[in-house]
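Chemist: Numbering (UniProt numbering), first residue to last: 1 to 207.
1) DSSP three-state label for residue 44, please.
2) What ranges does the beta strand (DSSP E) occupy inside the segment 19–105, keeping only unbroken runs of at least 3 residues that lie completely in it?
3) Just to confirm the assignment, what range does the alpha helix (DSSP H) spanning residue 121 have?
4) With a threshold of 8 angstroms on Cβ separation, who are the neighbours of residue 13 within its own chain once the five nearest residues in sequence on each side are excluded?
5) With a threshold of 16 other CB atoms inside 10 Å of the CB of residue 134, please say whether the residue is buried or exposed.
6) In three-state DSSP terms, what is residue 174?
7) Hey, how far is the Cα of residue 109 from the Cα of residue 76?
8) Among residues of its own chain, excluding the 5 on either side of residue 57, which ones have a beta-carbon nearer than 7 angstroms to its beta-carbon?
9) Beta-carbon separation of residue 10 and residue 46 under 8 angstroms?
10) Tell me whether the segment 124–132 and the segment 155–167 touch, counting them as touching only if at least three CB pairs, one residue from each stretch, are closer than 8 angstroms.
11) May I ask which residues mark the beginning and end of the alpha helix (DSSP H) holding residue 109?
12) Short of 8 angstroms in beta carbon distance, which residues of its chain neighbour residue 72, apart from the five on each side in sequence? Order them along the chain.
13) For a test of the three-state rule: what should DSSP assign to residue 189, helix, strand or coil?
14) Helix, strand or coil for residue 196? Go by DSSP, reduced to three states.
15) Considering only the alpha carbon of each residue, which of 44, 93, 176, 55 lies closest to residue 20?
16) Just to check my reading of the structure: residue 234 and residue 138 have Cβ atoms closer than 8 angstroms, yes? What is that Cβ distance to the nearest angstrom?
17) On the DSSP letters alone, give me the boundaries of the alpha helix (DSSP H) that residue 2 sits inside.
18) Rounded to whole angstroms, what's the CA-CA distance from residue 141 to residue 148? Just pull it up for me.
19) Looking at the structure shown, is residue 169 part of a helix, part of a strand, or coil, going by DSSP?
20) Mind checking which residues open and close the alpha helix (DSSP H) that includes residue 154?
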(Lines of atoms letter the chains of each structure in order from A and count residues from 1; the text may use other names and numbers.)
(Lines give C-alpha, C1' and ligand atoms only; values in the text may rest on other atoms or scores of the structure.)
Protein backbone atom coordinates (compact mmCIF):
# COMPACT_ATOMS: atom_id res chain seq x y z
CA UNK A 1 0.00 0.00 0.00
CA UNK A 2 2.82 2.40 0.87
CA UNK A 3 4.50 1.70 -2.47
CA UNK A 4 1.27 2.28 -4.39
CA UNK A 5 0.68 5.58 -2.59
CA UNK A 6 4.23 6.64 -3.43
CA UNK A 7 3.53 5.92 -7.10
CA UNK A 8 0.34 8.00 -6.92
CA UNK A 9 2.16 10.86 -5.18
CA UNK A 10 4.96 10.78 -7.76
CA UNK A 11 2.48 10.82 -10.63
CA UNK A 12 0.62 13.76 -9.08
CA UNK A 13 3.83 15.74 -8.68
CA UNK A 14 4.89 15.06 -12.28
CA UNK A 15 1.49 16.06 -13.68
CA UNK A 16 1.08 19.04 -11.31
CA UNK A 17 -1.99 17.42 -9.75
CA UNK A 18 -2.96 17.90 -6.11
CA UNK A 19 -4.78 14.92 -4.60
CA UNK A 20 -7.36 15.61 -1.90
CA UNK A 21 -6.91 13.21 1.07
CA UNK A 22 -10.43 13.96 2.32
CA UNK A 23 -11.79 12.19 -0.77
CA UNK A 24 -10.04 8.95 0.19
CA UNK A 25 -9.86 6.88 3.35
CA UNK A 26 -8.31 3.81 4.90
CA UNK A 27 -10.69 1.10 6.16
CA UNK A 28 -9.24 -1.76 8.20
CA UNK A 29 -11.12 -4.98 7.51
CA UNK A 30 -8.91 -7.06 9.79
CA UNK A 31 -6.32 -6.30 12.51
CA UNK A 32 -2.77 -6.02 11.20
CA UNK A 33 0.64 -4.98 12.47
CA UNK A 34 0.46 -1.70 10.54
CA UNK A 35 -2.77 -0.60 12.26
CA UNK A 36 -1.09 2.42 13.85
CA UNK A 37 0.79 3.40 10.72
CA UNK A 38 -0.25 6.54 8.88
CA UNK A 39 -0.62 6.31 5.11
CA UNK A 40 0.14 9.44 3.14
CA UNK A 41 -0.41 10.77 -0.34
CA UNK A 42 1.76 13.73 -1.33
CA UNK A 43 2.92 14.04 2.33
CA UNK A 44 -0.66 14.37 3.61
CA UNK A 45 -2.16 11.69 5.85
CA UNK A 46 -5.20 9.71 4.74
CA UNK A 47 -7.94 9.41 7.38
CA UNK A 48 -8.84 6.03 8.89
CA UNK A 49 -12.62 5.51 8.96
CA UNK A 50 -15.11 2.78 9.85
CA UNK A 51 -17.04 3.30 6.62
CA UNK A 52 -16.55 5.07 3.33
CA UNK A 53 -18.72 5.76 0.29
CA UNK A 54 -16.93 4.77 -2.90
CA UNK A 55 -18.54 5.04 -6.35
CA UNK A 56 -21.97 5.27 -4.75
CA UNK A 57 -21.54 2.21 -2.49
CA UNK A 58 -20.91 2.54 1.26
CA UNK A 59 -18.32 0.05 2.51
CA UNK A 60 -17.77 -0.56 6.22
CA UNK A 61 -15.41 -2.58 8.40
CA UNK A 62 -18.12 -4.75 9.99
CA UNK A 63 -18.61 -8.48 9.47
CA UNK A 64 -20.96 -7.59 6.61
CA UNK A 65 -19.08 -4.95 4.64
CA UNK A 66 -22.36 -3.85 3.00
CA UNK A 67 -24.29 -3.48 6.27
CA UNK A 68 -24.68 0.30 5.98
CA UNK A 69 -25.32 0.14 2.23
CA UNK A 70 -28.13 -2.36 2.74
CA UNK A 71 -29.88 0.14 5.01
CA UNK A 72 -29.61 2.67 2.18
CA UNK A 73 -31.09 0.19 -0.32
CA UNK A 74 -34.03 -0.67 1.94
CA UNK A 75 -34.72 3.00 2.68
CA UNK A 76 -34.56 3.83 -1.04
CA UNK A 77 -37.06 1.08 -1.91
CA UNK A 78 -39.51 2.27 0.74
CA UNK A 79 -39.13 5.88 -0.44
CA UNK A 80 -39.88 4.96 -4.06
CA UNK A 81 -42.91 2.97 -2.92
CA UNK A 82 -44.33 6.01 -1.08
CA UNK A 83 -43.62 8.28 -4.06
CA UNK A 84 -45.32 5.80 -6.35
CA UNK A 85 -48.45 5.80 -4.18
CA UNK A 86 -48.59 9.60 -4.25
CA UNK A 87 -48.00 9.98 -8.00
CA UNK A 88 -50.25 7.21 -9.25
CA UNK A 89 -53.19 7.58 -6.82
CA UNK A 90 -55.31 9.83 -9.06
CA UNK A 91 -53.89 8.90 -12.45
CA UNK A 92 -56.10 7.62 -15.23
CA UNK A 93 -54.08 4.41 -15.64
CA UNK A 94 -52.58 3.55 -12.28
CA UNK A 95 -51.37 0.17 -13.53
CA UNK A 96 -49.13 1.61 -16.26
CA UNK A 97 -47.88 4.51 -14.12
CA UNK A 98 -46.96 2.21 -11.25
CA UNK A 99 -45.36 -0.39 -13.49
CA UNK A 100 -43.19 2.15 -15.30
CA UNK A 101 -42.21 4.10 -12.18
CA UNK A 102 -41.08 1.09 -10.18
CA UNK A 103 -39.08 -0.31 -13.10
CA UNK A 104 -37.49 3.02 -14.03
CA UNK A 105 -36.97 4.52 -10.56
CA UNK A 106 -36.58 1.77 -7.96
CA UNK A 107 -34.95 -1.07 -9.88
CA UNK A 108 -31.91 0.83 -11.29
CA UNK A 109 -31.02 2.23 -7.87
CA UNK A 110 -31.46 -1.11 -6.09
CA UNK A 111 -29.52 -3.13 -8.66
CA UNK A 112 -26.65 -0.65 -9.07
CA UNK A 113 -23.29 -2.50 -8.88
CA UNK A 114 -24.99 -5.84 -8.16
CA UNK A 115 -22.62 -7.52 -10.61
CA UNK A 116 -19.83 -7.10 -8.04
CA UNK A 117 -21.76 -6.87 -4.74
CA UNK A 118 -23.97 -9.42 -3.01
CA UNK A 119 -26.82 -8.26 -0.81
CA UNK A 120 -27.85 -10.47 2.10
CA UNK A 121 -30.71 -12.95 1.77
CA UNK A 122 -32.60 -10.97 4.42
CA UNK A 123 -32.48 -7.74 2.41
CA UNK A 124 -33.33 -9.57 -0.82
CA UNK A 125 -36.49 -11.00 0.78
CA UNK A 126 -37.40 -7.50 2.02
CA UNK A 127 -37.02 -6.00 -1.46
CA UNK A 128 -39.09 -8.80 -2.97
CA UNK A 129 -41.83 -8.02 -0.43
CA UNK A 130 -41.78 -4.32 -1.32
CA UNK A 131 -41.88 -5.14 -5.04
CA UNK A 132 -44.92 -7.37 -4.53
CA UNK A 133 -46.53 -4.57 -2.53
CA UNK A 134 -45.94 -2.27 -5.51
CA UNK A 135 -47.47 -4.93 -7.76
CA UNK A 136 -50.62 -5.22 -5.63
CA UNK A 137 -50.96 -1.43 -5.71
CA UNK A 138 -50.67 -1.44 -9.51
CA UNK A 139 -53.36 -4.12 -9.74
CA UNK A 140 -55.68 -2.09 -7.50
CA UNK A 141 -55.58 -4.67 -4.69
CA UNK A 142 -53.15 -3.20 -2.15
CA UNK A 143 -54.55 -5.11 0.81
CA UNK A 144 -55.49 -8.37 -0.93
CA UNK A 145 -53.69 -11.64 -0.41
CA UNK A 146 -52.85 -11.94 -4.10
CA UNK A 147 -50.76 -14.91 -5.26
CA UNK A 148 -47.12 -14.08 -5.96
CA UNK A 149 -47.24 -15.93 -9.28
CA UNK A 150 -50.20 -13.81 -10.42
CA UNK A 151 -48.40 -10.55 -9.55
CA UNK A 152 -45.23 -11.65 -11.33
CA UNK A 153 -47.18 -12.76 -14.38
CA UNK A 154 -49.25 -9.58 -14.70
CA UNK A 155 -46.44 -7.11 -14.05
CA UNK A 156 -43.68 -9.00 -15.83
CA UNK A 157 -41.09 -7.98 -13.24
CA UNK A 158 -38.06 -10.17 -12.58
CA UNK A 159 -37.17 -11.01 -8.99
CA UNK A 160 -34.14 -9.29 -7.45
CA UNK A 161 -32.48 -12.69 -7.15
CA UNK A 162 -32.86 -13.23 -10.92
CA UNK A 163 -31.61 -9.72 -11.70
CA UNK A 164 -28.54 -10.23 -9.53
CA UNK A 165 -27.80 -13.65 -11.00
CA UNK A 166 -28.06 -12.36 -14.58
CA UNK A 167 -25.81 -9.40 -13.82
CA UNK A 168 -23.16 -11.62 -12.21
CA UNK A 169 -23.22 -14.12 -15.06
CA UNK A 170 -22.63 -11.34 -17.58
CA UNK A 171 -19.78 -9.92 -15.49
CA UNK A 172 -18.26 -13.38 -15.02
CA UNK A 173 -18.27 -13.85 -18.78
CA UNK A 174 -16.38 -10.56 -19.10
CA UNK A 175 -13.78 -11.69 -16.54
CA UNK A 176 -13.27 -14.98 -18.37
CA UNK A 177 -12.31 -13.03 -21.49
CA UNK A 178 -9.82 -10.81 -19.62
CA UNK A 179 -6.07 -11.33 -19.65
CA UNK A 180 -4.36 -12.58 -16.50
CA UNK A 181 -2.87 -9.12 -15.94
CA UNK A 182 -6.27 -7.47 -15.38
CA UNK A 183 -7.11 -6.90 -11.70
CA UNK A 184 -10.51 -8.69 -11.65
CA UNK A 185 -9.03 -11.79 -13.30
CA UNK A 186 -5.91 -11.76 -11.11
CA UNK A 187 -7.92 -11.41 -7.88
CA UNK A 188 -10.32 -14.19 -8.84
CA UNK A 189 -7.42 -16.48 -9.74
CA UNK A 190 -5.74 -15.76 -6.41
CA UNK A 191 -8.96 -16.51 -4.49
CA UNK A 192 -9.31 -19.85 -6.28
CA UNK A 193 -5.72 -20.81 -5.50
CA UNK A 194 -6.14 -19.80 -1.82
CA UNK A 195 -9.58 -21.49 -1.63
CA UNK A 196 -11.20 -18.27 -0.37
CA UNK A 197 -15.00 -18.40 -0.83
CA UNK A 198 -16.70 -15.26 -2.07
CA UNK A 199 -19.70 -13.71 -0.33
CA UNK A 200 -21.88 -14.88 -3.22
CA UNK A 201 -20.86 -18.50 -2.59
CA UNK A 202 -21.55 -18.14 1.14
CA UNK A 203 -25.02 -16.71 0.40
CA UNK A 204 -25.78 -19.68 -1.88
CA UNK A 205 -24.75 -22.13 0.84
CA UNK A 206 -26.81 -20.36 3.54
CA UNK A 207 -29.85 -20.16 1.24
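Heads up, the beta-carbon is just placed ideally off N, CA and C, and yes, glycines get one too. Nothing here was measured: the structure is a model prediction, and the numbers come from that model.
Modeler: Well, looking at it:
1) Strand, per DSSP.
2) Listed in chain order, the beta strand (DSSP E) elements of length 3 or more contained wholly in the segment 19–105 are 51–54, 57–60.
3) 121–138
4) 42
5) buried
6) In the structure shown, residue 174 falls within a helical segment according to DSSP collapsed to helix, strand and coil.
7) 8 angstroms
8) 69, 113, 117
9) no
10) As far as the Cβ criterion goes, the segment 124–132 touches the segment 155–167, which means the pair count is three or higher.
11) 107–110
12) Around residue 72, the same chain offers 58 as residues with beta carbons nearer than 8 angstroms, after the five sequence neighbours per side are excluded.
13) helix
14) Residue 196: coil per DSSP, three-state reduction.
15) 44
16) Residue 234 cannot be examined here, being either before or after the span of the chain that is shown, 1 to 207.
17) Unbroken alpha helix (DSSP H) run through residue 2: 2–14.
18) 13 angstroms
19) Under the three-state reduction of DSSP, residue 169 is assigned to helix.
20) 148–155
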